[in-house]
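Structure record follows, encoded as structure tokens.
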Amino acid sequence: MAYEALDFYDIDSLLTDEERMVRDMVRDWVDEKILPNIEKACHDGVFPDEWRVDLGEMGILGAPLEGYGCPGLSYIAYGLICQELERGDSGVRSFASVQGSLAMYPIWDFGSEEQKNHYLPKMTTGEWIGCFGLTEPDYGSNPGDMITRAEDKGDYYLLNGAKMWITNGTIADLAVVWAKLDGVIRGFIVEKDDPGFTAPEMTGKHSLKASVTSELVFQDCKIPKDRMLPHVKGLKGPFSCLNNARYGISWGAVGAAQSCFSSAREYALSRIQFDHPIASFQLVQNKLAWMLREITKAQLLAYHLGKKKDEGTWIPEHISLAKMNNVDIALDVARMARDIHGANGILDEYPVMRHMANLESVKTYEGTHDIHNLILGRYITGIQAFTRES
Amino acid sequence: MGIAVLLKQVPDTTAKISVSGDRVDETAVSKWSMSPYDEYALEAALQLKEAGGGDIVAITCGPIRATKMLTDAAAVGVDNLILIQDEGVTDSTHVQSLLAAAVKRSGSDVVLCGKQAADTNGGSTGPGVSHLIGAACVGMISEVYAEGDGFIALRASPTGNERVEVSRPCLFTFDKGATELRRPNVRGIMMAKKKQIETVTSDDLGVAIGTSSVSLQSHSPPPVKPPGQKFEGADSVPVVVAKLRDEANVI
Ligand SMILES: Cc1cc2nc3c(=O)[nH]c(=O)nc-3n(C[C@H](O)[C@H](O)[C@H](O)COP(=O)(O)OP(=O)(O)OC[C@H]3O[C@@H](n4cnc5c(N)ncnc54)[C@H](O)[C@@H]3O)c2cc1C
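Residue numbers (the numbering used here), protein chains in the order written: chain A, 1 to 390; chain B, 1001 to 1251.
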């Protein structure tokens, strides 16, 4: 059966032809390449290299960036790409988010002309994979207190410290690493063969199993002077990247929820209990109606935010709301879908349990659910509640 | 070299088909796609172009919704797009004369199409068009490449593969090809967006559509499969054997 994405309010009619074609291209690719292979990739705990090649060939990495060989698509198109990738698996969307929004974006926005020309063309084709090192073992929600440090040694920088939970770390050709130079957070480009740099893979995940997660370890890691991003200082650097990635997640979560909804609907119609399809029982219909309602709201949120991104009228709090809400409802949709599938819901024959487990990570990374509540709380009251000081 | 590829938009092979009244309900078709054999023809056309140059024109005869398929073809590298408005034509000989007129007008001397469309499975378009334009027709091929002034086409035969040499003008109909259709990419999509689709009518092509010699009586869904039967325990073996022998005729 052809996948019919839930689109109750006909968001489709709001898209340009170009946006629809990009969406369909990615949708077809997910049908063809991800869905038949994702369970094995999760089981083996690998991100197949073929997917990197395909994503590069489709030309969707760094979607909304312009110049340096980048696609220059609208933010709506970028959102649709995330939606379709995450309909396949959050791990695949994570790969694209990290590459485009967390690794390419800081180079594109804060890099020197030489850095842009050197890295971006090879990153948009997928030839070089990037990762983003912000989180540390002891500093997650509170990255401002990071320990990783850079020292100016005259003709090179010396990096020391460790990052953790870094998506794509082990498979990356380069890492955009945030470290303190004289107490100020700066971005550095570290290449995989730089002396003193290692990126061991983290194992044992029950979530995002097809995505590579790593530590980045810097032990007297020497990098040339021209690898610092010249045009940004402080937390603004990493946070600008996160804004773009979080925006993509607000669409991605819709994709995961659509996948769970369509599986639940189909299952409910075909599963007979007490002589009737379970879809004919009011309690089950109530669940499906709730999913339809929340997914439709999430779609409108993502679409409108996309328009604001394209117009440049957004504020970070808009993104916090959409990331928080859409991941939250997607996780609830996944749990409800799992319930509707009964025992079958725990099998890898259906996508629901995988999405459910994945979305737990998505709820935590890119600002935890509650960190976004705190961002909105500060917006509403003018009082920051992240910490007790001041 | 002018290369023409004839494409038809059909309900996707995975889409559910429902019949309402005595016609397939087109509004209920969730996804329309390029007919799969036509995809192989298109891929072969792109490969001919890559090897020997020339412009590719994609021609379809169909309703407005088929423009999407033409734009998809442009996204993988087709140069010119022509939509012949079908004006409700159901007679395949009419479709053939419209397509033939458009091919002639385009000046193409090699034409590629699927061996049959996935909806009607008629299989008459290729041979019909080749007849009208006076081109040699090689049917059910899987591969074609240019050699000298003409082409070599490969097709499966009961005794192995046949290599058929043919000179221009010629028309090839495609069976499942050796390679899958390439995927579009963002660059192609952006180019495709700028491509104009030339829409023409039978008048523009100077084709007089007379009265139809065929008329479609009705569509009906395939009969519902009878439910499966279940047998349990060793006692049922004789019954199963009897059924397999007498009803299913498999032993
Ligand atoms: C699969 C995966 C991939 C990741 N990829 C990357 C990556 O590529 N790059 C990168 O830099 N990081 C990455 N991360 C890290 C991620 O961004 C962090 O996990 C996240 O920021 C939360 O940090 P933490 O895990 O240390 O949790 P903590 O910050 O310790 O939070 C634990 C809990 O405490 C709550 N909490 C914290 N502070 C407050 C407060 N002030 N008030 C109320 N509640 C609070 C949180 O909401 C949460 O519920 C990834 C994480 C995962 C799981």
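Every residue, glycine too, gets a C-beta built ideally from N, C-alpha and C.
Please report the residue range of the alpha helix (DSSP H) in which aspartate 152 of chain A lies.
-> Counting along the chain, aspartate 152 of chain A falls outside any alpha helix (DSSP H), though it belongs to the beta strand (DSSP E) covering 149 to 152.
Give a single yes or no on whether leucine 374 of chain A has its beta carbon closer than 8 Å to a heavy atom of ligand 1.
-> yes
For glutamate 84 of chain A, three-class secondary structure by DSSP = helix
Would you check whether ligand 2 has a heavy atom nearer than 8 Å to the C-beta of isoleucine 278 of chain A?
-> Absence of ligand 2 from the depicted structure is noted, with ligand 1 being the only ligands included.
If you measure from the beta carbon of methionine 1190 of chain B to each beta carbon in chain A, is any gap under 9 Å?
-> yes
Using DSSP with H/G/I as helix, E/B as strand and the rest coil, what is threonine 1201 of chain B?
-> Coil.
With 16 other CB atoms within 10 Å as the buried threshold, where does tyrosine 78 of chain A fall?
-> buried
Report the residue from B:Gly1088, B:Thr1090, B:Val1057 and B:Val1076 whose alpha carbon sits nearest the alpha carbon of arginine 1105 of chain B.
-> B:Val1057
With 7 Å as the limit, tell me which residues of the region 6 to 34 of chain A have their beta carbon closer than that to any beta carbon of chain B; keep them in chain order.
-> Asp17, Glu18, Met21, Val22, Met25 and Trp29
Closer than 9 Å to chain A by CB, lysine 1175 of chain B | With the sequence shown as reference, residue 1175 of chain B is identified as aspartate, and lysine is not the correct amino acid for it. Aspartate 1175 of chain B does not count as touching chain A.
Chain A partners of threonine 1252 of chain B, CB-CB under 8 Å?
-> With chain B covering 1001 to 1251 only, the question about residue 1252 of chain B has no answer from this structure.
Is any heavy atom of ligand 1 found at a distance shorter than 8 Å from the C-beta of alanine 385 of chain A?
-> yes
So with Cβ pairs under 9 Å, would you call proline 71 of chain A a contact of chain B?
-> yes
Nearest residue (CA-CA) to methionine 336 of chain A, options A:Pro121, A:Ala257, A:Phe8 and A:Arg23 | A:Ala257
Among B:Gln1116, B:Thr1199 and B:Glu1147, which has the Cα closest to the Cα of lysine 1176 of chain B?
-> B:Gln1116
Neighbourhood of isoleucine 34 of chain A by C-beta, 7 Å cutoff - its chain only, sequence neighbours within 5 removed = Gly88, Asp89 and Val92
Could you check how far apart the C-beta atoms of valine 1095 of chain B and valine 1089 of chain B are, in whole angstroms? I think they sit under 8 Å.
-> Yes, valine 1095 of chain B and valine 1089 of chain B are in contact; Cβ-Cβ is about 6 Å, under 8 Å.
Is any beta-carbon of chain A found at less than 9 Å from that of proline 1184 of chain B?
-> yes
Interface flag, alanine 1100 of chain B vs chain A, CB-CB below 9 Å = no
Residues from the region 1052 to 1084 of chain B in contact with chain A, defined by Cβ distance under 9 Å | Those residues of the region 1052 to 1084 of chain B that come within reach of chain A (Cβ to Cβ, closer than 9 Å) are Lys1068, Thr1071, Asp1072 and Ala1075.
If you count every other CB in all the chains shown that lies within 10 Å of the CB of isoleucine 315 of chain A, and 16 or more means buried, which is it?
-> exposed
Could you list which residues in chain B have their beta carbon closer than 7 Å to that of lysine 59 of chain A, in chain order?
-> Residue identity differs from the one stated: residue 59 of chain A is glycine in this sequence, not lysine. At a C-beta separation below 7 Å, glycine 59 of chain A has these neighbours in chain B: Asn1185, Val1186 and Arg1187.
The region 1026 to 1055 of chain B: which residues have C-beta closer than 7 Å to a C-beta of chain A, in chain order?
-> From the region 1026 to 1055 of chain B, only Ser1030 and Lys1031 have a Cβ closer than 7 Å to chain A.
Measuring from the CB of isoleucine 371 of chain A, is there a heavy atom of ligand 1 at a distance below 8 Å?
-> Yes - ligand 1 has a heavy atom lying nearer than 8 Å to the Cβ of isoleucine 371 of chain A.
In the DSSP assignment, what are the bridge partners of arginine 1163 of chain B?
-> The partner list for arginine 1163 of chain B (beta bridge, DSSP) reads B:Leu1154.
What's the C-alpha gap between arginine 338 of chain A and threonine 125 of chain A?
-> 37 Å
Extent of the continuous alpha helix (DSSP H) run through valine 184 of chain A | No alpha helix (DSSP H) holds valine 184 of chain A; the beta strand (DSSP E) holding it covers 184 to 191.
Where the region 75 to 100 of chain A meets chain B: residues whose CB sits under 9 Å from a CB there = Ala77
Methionine 58 of chain A - DSSP class collapsed to helix/strand/coil | helix
Let me know if glycine 342 of chain A comes out buried or exposed under the rule of 16 or more other beta-carbons within 10 Å of its beta-carbon.
-> exposed
Lysine 1193 of chain B: contacting residues in chain A (beta-carbon distance under 7 Å) | What lysine 1193 of chain B touches in chain A: Asp17 and Glu18.
Of the choices A:Glu4, A:Trp29 and A:Glu32, whose alpha-carbon is the least far from that of alanine 1028 of chain B?
-> A:Glu4
Presumed contact (8 Å Cβ cut-off) between alanine 1074 of chain B and leucine 1081 of chain B, rounded CB distance | 6 Å
Helix, strand or coil for arginine 1065 of chain B, going by three-state DSSP, please let me know.
-> Note: arginine 1065 of chain B maps to helix in three-state DSSP.
Per-residue burial, threonine 170 of chain A [other beta carbons within 10 Å of its own, 16 or more giving buried] = buried
Can you tell me whether aspartate 1149 of chain B is buried or exposed, with buried defined as 16 or more other CB within 10 angstroms of its CB?
-> Aspartate 1149 of chain B should be labelled exposed.
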